[in-house]
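Undergrad: Handing you a structure now.
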Ligand code: CA
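This is how it looks when you write it as structure tokens:
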């Protein structure tokens with residue numbers, strides 16, 4: 111199985127390095143972006159499996175970037191974890207309402223980040239179930255591109 115790819119969006123290099131180092135050591139493939147504009151270019155280039163977005167970015171705020179990403183039909187279901195120094199409950203609520211799927215507060219521990227990343231990736235897996243549709247006597251598997259009737263495969267053209 112290919113390594114899960116994570117895009118880290120954080121302008122502060124020491125923090126970015128710390129996060130990337132921890133994730134790479136855990137077997138993830140990591141890409142980095144220093145601001146929202148670079149992150150958008152990375153997203154257009156190749157879709158990662160998860161986004162880690164810092165709240166404080168030099169161009170667009172991480173919150174606004176998250177909102178924009180979640181408004182994009184192609185990226186809506188991309189899991190996002192926000193990183194922030196703000197521990198206030200109202201900011202947490204704003205982050206989650208903005209579309210973030212989870213939240214980690216600074217000072218960051220990469221163990222906590224790793225834990226959140228793994229649990230979020232596990233949490234979104236069940237959505238794959240939608241890739242198999244079942245009708246009263248037909249089962250369509252969009253991933254393997256096979257159709258079954260009464261549990262027997264039916265041969266069909268492309
Ligand atoms: Ca920052």
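In the numbering used here, the protein residues as written are 111 to 268.
Positions of the beta carbon are idealized from the N, C-alpha and C atoms, including for glycine.
Please read these numbers as outputs of a predicted model, since none were measured by experiment.
1. So within the region 180 to 258, which uninterrupted beta strand (DSSP E) runs reach at least 3 residues, ignoring any that extend past its ends?
2. Does DSSP classify residue 143 as helix, strand or coil?
3. Out of 250, 215, 137, 130, which one is the CA nearest neighbour of residue 199?
4. What are the boundary residues of the alpha helix (DSSP H) that includes residue 133?
5. Given this structure, state the Cα-to-Cα distance separating residue 117 from residue 252, to the nearest angstrom.
6. Could you tell me whether the region 131 to 145 touches the region 202 to 216, where touching means 3 or more Cβ pairs closer than 8 Å?
7. Is it buried or exposed, residue 124, if we count other Cβ atoms within 10 angstroms and call 16 or more buried?
TA: Let me lay it out:
1. 190 to 194, 212 to 215, 242 to 244, 248 to 251
2. In the chain shown, residue 143 corresponds to position 33, counting from 1. Here residue 143 sits in strand by DSSP.
3. Here the question's residue 199 lines up with position 89 in the chain shown. If we check each option's Cα against that of residue 199, 215 comes out closest.
4. The residue given as residue 133 occupies position 23 in the chain shown. Looking at the DSSP string, the run of the alpha helix (DSSP H) that includes residue 133 is 123 to 135.
5. Start at 1 with the first residue of the chain shown, and residue 117 comes out as number 7. Start at 1 with the first residue of the chain shown, and residue 252 comes out as number 142. For residue 117 and residue 252, the distance between alpha carbons rounds to 27 Å.
6. no
7. By 1-based counting over the chain shown, the position of residue 124 is 14. Answer is exposed; the Cβ neighbour count stays below 16.
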